[in-house]
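Asker: Taking our numbering, the leading residue of the sequence shown gets 360, the next gets one more, and so forth.
For glycine and all other residues, C-beta sits at the position ideal for the given N, C-alpha and C.
In this text the structure is predicted, and so the values were computed from the model without any measurement.
Once you've had a glance at the structure underneath, I'll fire off some questions.
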Amino acid sequence: MTKVELKNHQVWRDLTEILETLDPDILVKEHLESCDYKVCGYWDEQDEYHEIITLPRNLEALLVSSSIGVTNKKRFIQLNFSLINAGIDITYQPTNNSQKLGELVLIYDENLEFVDENWLLDIDVI
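The structure is reproduced here in structure tokens:
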């Protein structure tokens, strides 16, 4: 039996380097702008269908976790974001009324091309 210790393996240094050079804020902002802050064809937790959900423009997306996955011949990067409605007053200053709206998972292939998205939204607060 071959024993491989991954604790200090080069793969972890490569992963760390990739995640340090990757700017998830730019990726999520580009994604939200490309979909015009709208989620189309969403099924909520009560199995209700929503044709279009419009997200607030003052939405903040905070990176919660990131990972790299491998399946057969495919490799991907997965970025998990928490979506927060950053309360802004009429002078465009942040307020203490920030509210979590849900989560967004973005998946990119090894060439950093968009592959898939997964939304988990709290419909009651949107």
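#1: Evaluate the contact criterion for the segment 473-485 versus the segment 396-405: three or more CB pairs, one atom per stretch, below 8 Å.
#2: Which residue from Arg416, Phe435 and Val398 puts its Cα closest to that of Ala303?
#3: Please state whether DSSP places Arg416 in a helix, a strand or coil.
#4: Quick one: give me the first and last residue of the alpha helix (DSSP H) that Leu378 is part of.
#5: At a cut of 8 Å, does the segment 409-424 reach the segment 392-400 through at least three beta carbon pairs?
#6: What residue from Leu421, Asn367, Gln437 and Arg372 has the CA that sits closest to Ile443's CA?
#7: Can you tell me the Cβ-Cβ gap for Pro383 and Ser424, rounded? I've got them flagged as a contact below 8 Å.
#8: Check whether the Cβ atoms of Leu465 and Leu386 sit closer than 8 Å, and answer yes or no.
#9: Can you check DSSP and say which residues form a bridge with His409?
#10: With a cut-off of 8 Å on the beta carbons, I'd call Leu374 and Ile427 a contact; round off their distance for me.
Answerer: Once the coordinates are examined:
#1: The segment 473-485 and the segment 396-405 touch, with no fewer than 3 CB-CB distances between them shorter than 8 Å.
#2: The structure shown does not extend to residue 303, since the chain is modelled only from 360 to 485, so the question has no answer here.
#3: coil
#4: Gln369 to Thr380
#5: yes
#6: Leu421
#7: In fact, because the Cβ distance is near 10 Å, the residues do not count as touching under 8 Å.
#8: Yes, they are a contact pair.
#9: In the DSSP secondary-structure assignment, His409 is bridged to Tyr401.
#10: 6 Å
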